[in-house]
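Colleague:
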Amino acid sequence: MKKIFSIFVITLLIVSCTGNDKFVMRTSIGKVNKVMVVTKSSDWTGDVGKEIRNAFGELMVGLPQPEPILSVSQVAPNGFGSMMKVGRNILVIGESDKESFSVKHNVYAKPQTIVYIYAKDDAGMVKMFQKHKKEIIDIFIESDIKMTQSVFENTKLDDSKFKTLQNLGVSFTIHDKFRTVEDTGEFLWLRHHLTSGIAKTGSNNILIYSVPLEDETTVADSIVSVRNRIGKKYIPGSDPETMHMITEEAYTPHTFKTKVDGKNAFETRGKWEVKNDFMAGPFVNYTVVDKKNNRLVIFEGFTYAPSVNKRAFLFELEAIGRSMKIK
Numbered sequence: 067m068k069k070i071f072s073i074f075v076i077t078l079l080i081v082s083c084t085g086n087d088k089f090v091m092r093t094s095i096g097k098v099n100k101v102m103v104v105t106k107s108s109d110w111t112g113d114v115g116k117e118i119r120n121a122f123g124e125l126m127v128g129l130p131q132p133e134p135i136l137s138v139s140q141v142a143p144n145g146f147g148s149m150m151k152v153g154r155n156i157l158v159i160g161e162s163d164k165e166s167f168s169v170k171h172n173v174y175a176k177p178q179t180i181v182y183i184y185a186k187d188d189a190g191m192v193k194m195f196q197k198h199k200k201e202i203i204d205i206f207i208e209s210d211i212k213m214t215q216s217v218f219e220n221t222k223l224d225d226s227k228f229k230t231l232q233n234l235g236v237s238f239t240i241h242d243k244f245r246t247v248e249d250t251g252e253f254l255w256l257r258h259h260l261t262s263g264i265a266k267t268g269s270n271n272i273l274i275y276s277v278p279l280e281d282e283t284t285v286a287d288s289i290v291s292v293r294n295r296i297g298k299k300y301i302p303g304s305d306p307e308t309m310h311m312i313t314e315e316a317y318t319p320h321t322f323k324t325k326v327d328g329k330n331a332f333e334t335r336g337k338w339e340v341k342n343d344f345m346a347g348p349f350v351n352y353t354v355v356d357k358k359n360n361r362l363v364i365f366e367g368f369t370y371a372p373s374v375n376k377r378a379f380l381f382e383l384e385a386i387g388r389s390m391k392i393k
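Reminder that position 112 of the sequence shown reads as 178 in my numbering, one-by-one numbering, no gaps.
(1) Does DSSP put D281 in a helix, a strand or coil?
(2) With F381 as the anchor, note down where its alpha helix (DSSP H) starts and where it stops.
(3) Please return the same chain residues whose Cβ sits closer than 8 Å to the Cβ of R361, not counting the five positions on each side in sequence.
(4) Verify whether the separation of the beta carbon atoms of M191 and I159 is less than 7 Å.
(5) Taking 7 Å as the limit between beta carbons, can you name the residues of its chain near A286, skipping five residues before and five after?
(6) Let me know the secondary structure DSSP gives G190 once reduced to three states.
(7) Using alpha carbons as the reference points, say which of L254, M390, I392, A385 lies closest to K212.
(8) In the DSSP assignment, the beta strand (DSSP E) including E339 goes from what residue to what residue?
(9) Taking only the alpha-carbon atoms, compute the straight-line gap between N330 and M91 and give it to the nearest angstrom.
(10) In terms of DSSP beta bridges, what is V104 paired with?
(11) For I95, count the other beta carbons within 10 Å of its own beta carbon; 16 or more makes it buried, fewer makes it exposed. Which is it?
(12) Put C83 into one of helix, strand or coil per three-state DSSP.
(13) Considering only the beta carbon of each residue, do D204 and V98 sit closer than 7 Å?
(14) So, for K222: in the same chain, excluding its five sequence neighbours on each side, which residues have a beta-carbon less than 8 Å away from its beta-carbon?
(15) Please tell me whether E133 and R293 are closer than 7 Å, where the distance is taken between their beta carbons.
(16) Using only alpha-carbon positions, find the residue among S168, L273, A189 that is nearest to I180.
(17) Give me the Cα-Cα distance between D87 and L129, rounded to the nearest whole angstrom.
(18) Is it right to say S108 is buried, meaning 16 or more other beta carbons lie within 10 angstroms of its own, or is it exposed?
(19) If you compare alpha carbons, which of K337, E165, K325 is closest to T313?
(20) Can you find the residues in the same chain that come closer than 7 Å, C-beta to C-beta, to E382, ignoring five residues on each side of it along the sequence?
(21) Helix, strand or coil, according to DSSP, for D163 in the structure here?
(22) P319: buried (16+ other C-beta within 10 angstroms of its C-beta) or exposed?
(23) Please classify K391: does DSSP put it in a helix, a strand, or coil?
(24) Straight-line CA distance for P306 to F146?
(25) Would you say D225 and S237 are within 7 Å of each other, going by their C-beta atoms?
(26) Please name the residue in K197, S148, G387, N120 whose C-alpha comes closest to that of L136.
(27) Which stretch, first to last residue, makes up the beta strand (DSSP E) that contains F122?
(28) Exposed or buried, D356, counting other C-beta atoms within 10 Å across all chains shown (16 or more means buried)?
(29) Take T230 and list the residues in its own chain whose beta-carbon comes closer than 8 Å to its own, dropping the five residues that flank it on each side.
(30) Hey, quick one: how far does the alpha helix (DSSP H) through L231 stretch, first residue to last?
(31) To which residues of the same chain is S139 closer than 6 Å at the C-beta, ignoring the five residues directly before and after it?
(32) Taking Cβ to Cβ, would you say E366 is nearer than 7 Å to N351?
(33) Can you tell me which residues form a DSSP beta bridge with T324?
(34) If you run the structure through DSSP and keep just helix, strand and coil, what is Y300?
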């Protein structure tokens with residue numbers, strides 16, 4: 067019986083790797099926010115590699131420790147074999163008689179995003195990358211967000227169990243490790259206790275609520291005051307009389323226009339702290355303009371994980387926030 071099973075497994079593996087109509091797409095591998103760059107070693111150590119590392123290595127806004135937007139690794143074209151081709155995010159950059167920029171999905175594995183850049187020489191490659199670098203970064207981040215959301219979908223919390231989500235008419239793809247701290251019908255606070263490594267004393271937190279839409283032109287300017295008001299009302303410190311969550315006063319948050327559920331929205335990244343205490347960390351806030359219901363729907367994720375890097379924790383919250391659907 068064991069021999070039969072072994073033969074079956076080997077046959078299945080062989081068939082899955084062939085190029086005929088029985089081909090089975092392999093599952094991609096790779097850490098979130100990491101890109102493998104396929105280019106010659108001489109290009110990687112020269113101007114081409116420098117430009118890529120500078121762009122991807124730009125520091126993420128709002129984190130207390132310096133962390134890059136994307137981490138990168140490099141492999142030469144002759145080393146880009148079967149094992150490397152299952153990477154999830156890949157940038158291929160090299161020389162060609164014709165300049166080109168293209169994006170393909172699920173070429174060697176699934177899910178997978180590969181960006182191709184070709185130019186006649188190093189100077190051309192640098193120029194092409196500079197032209198498309200923001201688009202490239204957005205492509206890889208969006209790819210990771212969709213992948214993360216698809217993973218969370220498998221263990222998604224039931225929206226109908228939360229009074230606030232039902233009353234607000236909103237839904238999110240939130241994985242089932244989050245537990246309810248408070249659910250008033252108007253305000254929802256969920257918490258995921260982190261259990262790995264030194265971060266096991268920390269937590270990821272989600273806040274969901276809405277406020278009236280008064281003047282759309284002043285929404286961006288009001289985000290900090292709104293979150294401070296909510297923090298004072300709902301997020302106390304160890305002494306509720308004197309301590310509550312506020313926006314860190316020494317750091318000005320960064321606010322960007324974006325789209326969530328096809329609606330105009332603002333993404334704000336910054337640092338939170340507990341007034342009169344030593345607790346602090348990063349947050350990401352999505353304030354969505356819901357004109358139909360004359361309100362702002364607000365999702366905020368904040369992380370408390372002392373002494374460790376927080377990019378991955380905050381990215382998880384970003385993926386959840388961007389899954390918002392308004393009925």
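All C-beta atoms in this analysis are idealised placements derived from N, C-alpha and C, irrespective of residue type, glycine included.
Modeller: If we stick to the structure as given:
(1) coil
(2) 377–387
(3) S276, V277, P278, L279
(4) yes
(5) T321, F332
(6) G190 falls in the helix class under three-state DSSP.
(7) A385
(8) 329–340
(9) 37 Å
(10) Paired residues: V141, V158.
(11) With fewer than 16 other CB atoms across the displayed protein chains lying within 10 angstroms of its CB, I95 is exposed.
(12) Residue confidence for C83 is low, a pLDDT of 48 falling below 50, so the modelled location carries little weight; the figure read from the coordinates is stated next. The answer is coil: DSSP assigns C83 none of H, G, I, E or B.
(13) No, the Cβ-Cβ distance between D204 and V98 is not below 7 Å.
(14) T239, I240, H241, D242
(15) No, they are not a contact pair.
(16) S168
(17) Interpretation of D87 is limited by its pLDDT of 44, a score under 50 that renders its predicted location unreliable; the figure taken from the coordinates is listed afterwards. Answer to the nearest angstrom: the Cα atoms are 47 Å apart.
(18) exposed
(19) K337
(20) T214, N270
(21) Three-state result, D163: coil.
(22) buried
(23) strand
(24) Spanning the two alpha carbons is a distance of roughly 57 Å.
(25) yes
(26) N120
(27) Taken as a continuous stretch (DSSP letters only), F122 belongs to no beta strand (DSSP E), being part of the alpha helix (DSSP H) at 113–122.
(28) buried
(29) Cβ neighbours of T230 within its own chain (closer than 8 Å, five residues either side excluded): D249, T250, G251, E252, F253, L254, I274, Y275.
(30) L231 -> alpha helix (DSSP H) spans 229–234.
(31) M102
(32) Their beta carbons are under 7 Å apart, which means E366 touches N351 by this criterion.
(33) A331
(34) helix
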